[in-house]
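Novice: Pasting a structure below so you can have a look.
Protein chains: 2
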Amino acid sequence: MFRALARASVALGPQAAGWVRNMASHQLLVAPPKALLKPLSIPNRLLLGPGPSNLAPRILVAGGLQMIGHMHKEMFQIMDEIKQGIQYVFQTKNPLTLAISGSGHCALEAALFNLLEPGDSFLVGANGIWGQRAADIGERIGAQVHPMIKDPGGHYTLQDVEEGLARHKPVLLFLTQGESSSGVLQPLDGYGALCHRYQCLLLVDSVASLGGVPIYMDQQGIDVLYSGSQKVLNAPPGTSLISFSDKAKNKIYSRKTKPVSFYLDMKWLANIWGCDDQPRIYHHTTPVISLYSLRESLALMAEQAIRLPTVTTVAAPTGYNWRDIVNYVMDHFDIEITGGLGPSVGKVLRIGLLGCNATRENVDRVIHALQEALQHCPQNKL
Amino acid sequence: MFRALARASVALGPQAAGWVRNMASHQLLVAPPKALLKPLSIPNRLLLGPGPSNLAPRILVAGGLQMIGHMHKEMFQIMDEIKQGIQYVFQTKNPLTLAISGSGHCALEAALFNLLEPGDSFLVGANGIWGQRAADIGERIGAQVHPMIKDPGGHYTLQDVEEGLARHKPVLLFLTQGESSSGVLQPLDGYGALCHRYQCLLLVDSVASLGGVPIYMDQQGIDVLYSGSQKVLNAPPGTSLISFSDKAKNKIYSRKTKPVSFYLDMKWLANIWGCDDQPRIYHHTTPVISLYSLRESLALMAEQAIRLPTVTTVAAPTGYNWRDIVNYVMDHFDIEITGGLGPSVGKVLRIGLLGCNATRENVDRVIHALQEALQHCPQNKL
Ligand SMILES: Cc1ncc(COP(=O)(O)O)c(C=O)c1O
Ligand SMILES: Cc1ncc(COP(=O)(O)O)c(C=O)c1O
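For the record, the sequence lines run as chains A and B. Going by the UniProt record's numbering, the final residue of the first sequence carries number 382, and the count climbs one at a time with no gaps. Going by the UniProt record's numbering, the final residue of the second sequence carries number 382, and the count climbs one at a time with no gaps.
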């Protein structure tokens with residue numbers, strides 16, 4: 001390894017001669033790892049946790065395709081199709097609609113980094129882990145964060161929200177539509193109009209609900225909506241969907257400070273995604289293959305025209321250790337289900353039926369596995 | 001679409017009844033996009049630009065595999081193998097070594113967000129676009145940025161660096177090993193030791209050079225090194241490699257403020273990548289399929305034990321418009337090459353020979369294409 005090739009100095013100019021000479025003074029101290037000499041092997045696993053879910057067959061095919069350039073016109077066409085697909089599943093006409101090159105958390109940061117400036121008042125519905133994380137990020141960037149804390153299982157009524165708006169005069173409210181750590185569906189009708197009466201923007205997380213629960217971004221007056229690729233959409237994790245209303249866009253374009261992140265700066269992303277009228281300029285290398293997969297998952301949505309429920313949250317059976325049950329189902333049936341998350345840890349079991357995993361057969365399999373688990377796991381006699 | 005399934009209210013609790021009733025008040029205003037009803041079709045293209053490059057056959061196979069959970073033990077095993085692979089290609093024993101869930105720019109932000117605190121002095125080698133971007137990000141997070149500006153084509157001598165260190169007393173110096181916008185190879189021997197004499201950490205970008213040019217992270221005293229997946233490694237864009245020396249780790253763990261990003265907070269990432277001795281806790285959903293591909297690309301490096309030069313930068317031929325040449329080669333030969341970037345725009349043509357694309361046959365093809373282009377493109381008689 002590290003064999004000096006004569007071509008190097010041609011390719012890299014006169015400086016290269018320097019390191020060709022210098023190479024003699026270095027040694028290979030780290031050997032090629034043995035584990036990497038074995039072939040990659042992936043178990044065949046049914047993923048009925050709250051996500052990621054299994055990839056639909058057509059998405060598997062897309063993942064195996066060859067690269068094209070991130071700035072090729074065919075790639076821009078695929079990105080345009082993704083934009084239209086997101087507009088469809090979000091039910092929005094917002095021009096500022098695109099995919100983020102990162103997971104759901106990355107989309108949340110994209111929203112907060114671009115919408116909040118230091119000192120801005122930020123109201124957060126914190127009825128589970130996702131609100132906690134939104135509050136954490138808000139604090140990192142110097143916003144005035146006001147969490148409305150509720151026990152897991154609670155949701156926010158219009159009255160709860162109005163009290164928070166009146167008291168804290170926030171520029172932004174965060175709500176989670178599908179609170180996947182507690183199994184709560186947050187209603188969304190009327191919340192946008194209420195926020196707008198108080199000059200506040202409404203940001204909604206639909207990572208665990210999109211495609212399983214109806215959402216109407218424009219009709220519900222949602223200003224920023226984001227979701228993930230790896231839940232009901234059955235695409236690989238690593239990209240996420242986001243859209244901004246004109247009100248939200250105006251807030252971004254009239255900022256006094258630059259967002260802390262260049263990678264997530266929405267003015268740059270708007271350009272590379274063809275959302276402004278400027279020629280597209282290189283910003284970062286977009287995840288080409290993941291975008292093929294995302295395109296296919298949105299195509300499936302456009303074709304299927306049907307939506308399924310997502311995460312079924314059941315109370316953890318008393319007298320058992322929930323971990324025993326989760327492990328039993330994994331070890332004896334190769335099925336993933338999970339326990340609670342954040343405030344719901346120890347209280348619930350969570351079973352995801354996401355996209356192509358949401359079949360009657362899978363429901364039967366997981367119920368059968370749970371029955372066996374209840375028979376065989378140690379029971380704590382009370 | 002949006003057909004109410006009876007199961008929804010079972011799955012999502014009593015609130016669901018609310019939206020089932022409410023659904024009647026919303027209409028589908030955005031129809032399924034026509035473009036998504038056509039099959040996905042990807043042209044067969046040879047990518048000889050400065051990256052992304054074509055995927056090696058074994059990496060194509062990995063991209064088509066089925067999902068497993070991001071928290072399954074098999075996935076942690078793959079992540080451990082990736083860590084070892086990075087330690088090998090970086091030639092480092094650093095325990096804090098991992099992959100970032102984002103592109104090269106995301107790794108740069110991960111480095112700067114974690115290493116710099118507001119007010120810290122940051123010295124930047126700015127001899128092309130990558131230094132400009134590092135300076136831009138440094139400014140966004142409130143560092144005192146001191147760019148050492150050089151014309152494209154220049155590099156930094158030990159003397160240049162020592163002057164900057166003495167003058168600005170930085171906590172961090174940024175250098176680009178393979179300056180792919182200008183074709184310059186930055187020597188790295190002696191720079192780490194020099195920085196350490198001035199209590200400064202050394203951060204190096206090897207996105208366009210890793211695997212094509214030797215690098216010895218530990219022996220060269222580099223404190224933070226990052227690279228990309230989509231260049232010589234021939235993996236899809238969307239992940240990047242990073243490693244931190246103990247000195248760098250200490251700076252991170254003794255910060256007074258939290259980094260602005262939760263997604264890129266190195267303490268969380270260290271945990272999920274098994275770099276601390278704590279049980280792994282969910283942080284974000286890692287890009288499982290992209291990590292399969294990255295694992296395979298590192299396995300290829302471990303097997304091949306050879307490195308190739310990367311980006312050949314040639315002066316743009318006088319009398320021609322460089323765009324005509326790039327377009328001619330694309331339109332008539334389906335080969336991507338590119339022009340300059342940032343300060344080198346209009347001055348150079350850049351031909352990438354990355355990983356599996358670095359064959360004699362491809363060199364012949366691109367030379368033939370360039371010869372034809374010079375014959376057929378309009379020439380501006382001077
Ligand atoms: C409701 C909700 N929001 C956000 C996220 C975070 O997404 P990611 O893990 O892709 O960062 C999740 C993931 O489970 C989620 O269920
Ligand atoms: C030297 C160098 N640094 C950083 C980058 C940025 O990487 P990405 O486009 O993956 O964000 C590139 C990409 O071409 C590069 O060549």
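C-beta: ideal position from N, C-alpha, C; glycine also.
1) Using only CA atoms, which one of B/S290, B/Q278 and B/D120 lies nearest to B/A143?
2) Could you please give the first and the last residue of the uninterrupted beta strand (DSSP E) stretch that includes residue 386 of chain A?
3) Short of 9 Å Cβ to Cβ, which residues in the segment 101-127 of chain A face chain B?
4) Who are the Cβ neighbours of B/P50 in its own chain at under 7 Å, not counting the five residues just before and after it?
5) Could you list which residues in chain A have their beta carbon closer than 7 Å to that of B/I289, in chain order?
6) Please list, in chain order, the residues of the segment 43-73 of chain B that have any C-beta partner in chain A closer than 8 Å.
7) DSSP state of A/D334, grouped into three classes?
8) For chain B, find out if any of its Cβ atoms is closer than 8 Å to the Cβ of A/T318; answer yes or no.
9) With a threshold of 6 Å on Cβ separation, who are the neighbours of B/D364 within its own chain once the five nearest residues in sequence on each side are excluded?
10) Pull out every residue of the segment 239-270 of chain B whose Cβ sits closer than 9 Å to any Cβ of chain A, in chain order.
11) Between which two residues does the alpha helix (DSSP H) harbouring A/I242 extend?
12) Considering only the beta carbon of each residue, do A/S182 and A/N127 sit closer than 8 Å?
13) Could you give the distance in angstroms between the alpha-carbon of B/N321 and the alpha-carbon of A/V161?
14) How many Å lie between B/L116 and B/A248 at the Cα?
15) If you measure beta-carbon to beta-carbon, which residues of the segment 126-144 of chain A are closer than 7 Å to chain B?
16) Measure the alpha-carbon distance for A/L54 versus A/G164 and round it to whole angstroms.
17) With a Cβ-Cβ cutoff of 8 Å, do B/A111 and B/Y226 count as a contact?
18) Indicate, with yes or no, if ligand 2 has a heavy atom lying under 7 Å from the CB of A/T285.
19) Using a cut-off of 9 Å between C-beta atoms, extract the partners of B/H284 located in chain A.
20) Can you list, in chain order, the residues of its chain with a C-beta nearer than 8 Å to that of A/I141? Leave out the 5 residues immediately preceding and following it.
21) Starting from the beta carbon of A/R295, find every residue of chain B whose beta carbon is closer than 9 Å, and list them in chain order.
22) Quick check: is the beta carbon of A/T92 nearer than 8 Å to any beta carbon in chain B?
23) Can you check whether the CB of A/T285 is closer than 8 Å to the CB of B/G104?
24) In angstroms with no decimal places, state the Cα-to-Cα distance between A/L28 and B/A302.
25) Excluding the five sequence neighbours on either side, which residues of its own chain have a C-beta within less than 7 Å of the C-beta of A/R255, listed in chain order?
26) Would you say A/Q219 and B/H26 are within 8 Å of each other, going by their C-beta atoms?
27) Starting from the beta carbon of A/P32, find every residue of chain B whose beta carbon is closer than 7 Å, and list them in chain order.
28) Could you name the residues of chain A that B/A299 contacts, counting a contact when the two beta carbons are closer than 8 Å?
29) Run through DSSP, which three-state label would A/G51 get?
30) Say the cut is 7 Å; is the CB of A/G232 nearer than that to a heavy atom of ligand 1?
31) How far does the beta strand (DSSP E) with B/F262 in it reach, from first residue to last?
32) Count the other C-beta atoms from every protein chain shown that fall within 10 angstroms of the C-beta of A/A369, then say buried if there are 16 or more, exposed otherwise.
33) Assuming A/G85 is part of the alpha helix (DSSP H), what are its boundary residues?
34) Report yes if the C-beta distance between A/V232 and A/G355 is below 8 Å; otherwise report no.
35) In whole angstroms, give me the CA-to-CA distance for residue 444 of chain B and B/E336.
36) Which of the three DSSP states is assigned to A/R365 in this structure?
Specialist: By the coordinates alone:
1) Within the second sequence, numbered from 1, the residue matching residue 143 of chain B stands at position 143. Nearest of B/S290, B/Q278 and B/D120 to B/A143, Cα basis: B/D120.
2) Since the first residue shown for chain A is 1 and the last is 382, residue 386 of chain A is missing from the structure and cannot be characterised.
3) S101, G102, S103, G104, H105, C106, L108, E109 and F113
4) In the second sequence, counting from the first residue as 1, residue 50 of chain B sits at position 50. If we look at B/P50 and ignore the five residues flanking it on each side, its Cβ neighbours are S180, A208, V311, T338, R350 and G352.
5) In the second sequence, the residue the question calls residue 289 of chain B occupies position 289. In chain order: G63 and P236.
6) P43, N44, R45, L47, G49, G51, P52, S53, N54, L55, L60, V61, A62, G63, G64, L65, Q66, M67, I68, G69, H70 and H72
7) Residue mapping note: residue 334 of chain A aligns to position 334 of the first sequence, counting from 1. Coil, per DSSP.
8) The residue you call residue 318 of chain A lines up with position 318 of the first sequence. It does not; no Cβ of chain B falls within 8 Å.
9) As a first step, residue 364 of chain B is located in the second sequence; it is residue number 364 there, counting from the start. No residues qualify anywhere along the chain.
10) T239, T257, K258, P259, V260, S261, F262, Y263, L264 and D265
11) As a first step, residue 242 of chain A must be located in the first sequence, where it is residue number 242. Run containing A/I242: none in the alpha helix (DSSP H); it sits in the beta strand (DSSP E), S240 to F244.
12) Within the first sequence, numbered from 1, the residue matching residue 182 of chain A stands at position 182. Within the first sequence, numbered from 1, the residue matching residue 127 of chain A stands at position 127. Yes.
13) Taking the first residue of the second sequence as position 1, residue 321 of chain B is located at position 321. Taking the first residue of the first sequence as position 1, residue 161 of chain A is located at position 161. Their Cα atoms are separated by approximately 60 Å.
14) Within the second sequence, numbered from 1, the residue matching residue 116 of chain B stands at position 116. Within the second sequence, numbered from 1, the residue matching residue 248 of chain B stands at position 248. Taking the straight line joining both Cα atoms gives about 11 Å.
15) R133, D136, I137, R140 and I141
16) Start at 1 with the first residue of the first sequence, and residue 54 of chain A comes out as number 54. Start at 1 with the first residue of the first sequence, and residue 164 of chain A comes out as number 164. For the record, residue 54 of chain A in the displayed sequence is Asn; it is not Leu. Each residue's alpha carbon lies about 39 Å from the other.
17) For the purposes of this step, residue 111 of chain B is taken as residue 111 along the second sequence, with counting starting at 1. For the purposes of this step, residue 226 of chain B is taken as residue 226 along the second sequence, with counting starting at 1. Yes, Cβ-Cβ distance for B/A111 and B/Y226 is below 8 Å.
18) Walking along the first sequence from the start, residue 285 of chain A turns up at place 285. Yes, the Cβ of A/T285 comes within 7 Å of a heavy atom of ligand 2.
19) For the purposes of this step, residue 284 of chain B is identified with residue 284 of the second sequence, where counting begins at 1. Within 9 Å Cβ-Cβ: G102, S103, G104, H105, C106 and P237.
20) Numbered from its first residue, the first sequence carries residue 141 of chain A at position 141. Excluding residues within five positions, the ones whose Cβ falls inside 8 Å are L112, F113, L116, P118 and V260.
21) Sequence index remark: in the first sequence, residue 295 of chain A carries index 295 (1-based). L36 and L40, listed in chain order.
22) Along the first sequence, read from residue 1 onward, the residue named residue 92 of chain A stands at position 92. So yes, A/T92 belongs to the interface.
23) The count along the second sequence starts at 1 and reaches residue 104 of chain B at position 104. The count along the first sequence starts at 1 and reaches residue 285 of chain A at position 285. For B/G104 and A/T285, yes; Cβs fall inside 8 Å.
24) Start at 1 with the first residue of the first sequence, and residue 28 of chain A comes out as number 28. Start at 1 with the first residue of the second sequence, and residue 302 of chain B comes out as number 302. Answer to the nearest angstrom: the Cα atoms are 13 Å apart.
25) Here residue 255 of chain A corresponds to residue number 255 of the first sequence, with the count starting at 1. Excluding residues within five positions, the ones whose Cβ falls inside 7 Å are E117.
26) Taking the first residue of the first sequence as 1, we reach residue 219 of chain A at position 219. Taking the first residue of the second sequence as 1, we reach residue 26 of chain B at position 26. Contact flag set, yes.
27) The residue labelled residue 32 of chain A in the question sits at position 32 within the first sequence. Y88, A302 and A305, listed in chain order.
28) Against the second sequence, residue 299 of chain B aligns to sequence position 299. Within 8 Å Cβ-Cβ: L36, L37 and L40.
29) Here the question's residue 51 of chain A lines up with position 51 in the first sequence. Note: A/G51 maps to coil in three-state DSSP.
30) The residue labelled residue 232 of chain A in the question sits at position 232 within the first sequence. Gly is not the amino acid found at residue 232 of chain A; the sequence shown has Val there. Result no, Cβ not under 7 Å from ligand 1.
31) Stepping through the second sequence from its first residue, residue 262 of chain B is reached at position 262. Taken as a continuous stretch (DSSP letters only), B/F262 belongs to no beta strand (DSSP E), as it is neither H nor E.
32) As a first step, residue 369 of chain A is located in the first sequence; it is residue number 369 there, counting from the start. Label assigned to A/A369: buried.
33) Position 85 of the first sequence, counted from the first residue, corresponds to residue 85 of chain A. Run containing A/G85: K73 to F90, per the alpha helix (DSSP H) assignment.
34) Mapped onto the first sequence, residue 232 of chain A falls at position 232. Mapped onto the first sequence, residue 355 of chain A falls at position 355. Yes.
35) Residue numbering for chain B in the displayed model covers 1 to 382; residue 444 of chain B lies beyond these limits and cannot be assessed.
36) Looking up residue 365 of chain A in the first sequence gives position 365. If DSSP states are grouped into helix, strand and coil, A/R365 belongs with the helices.
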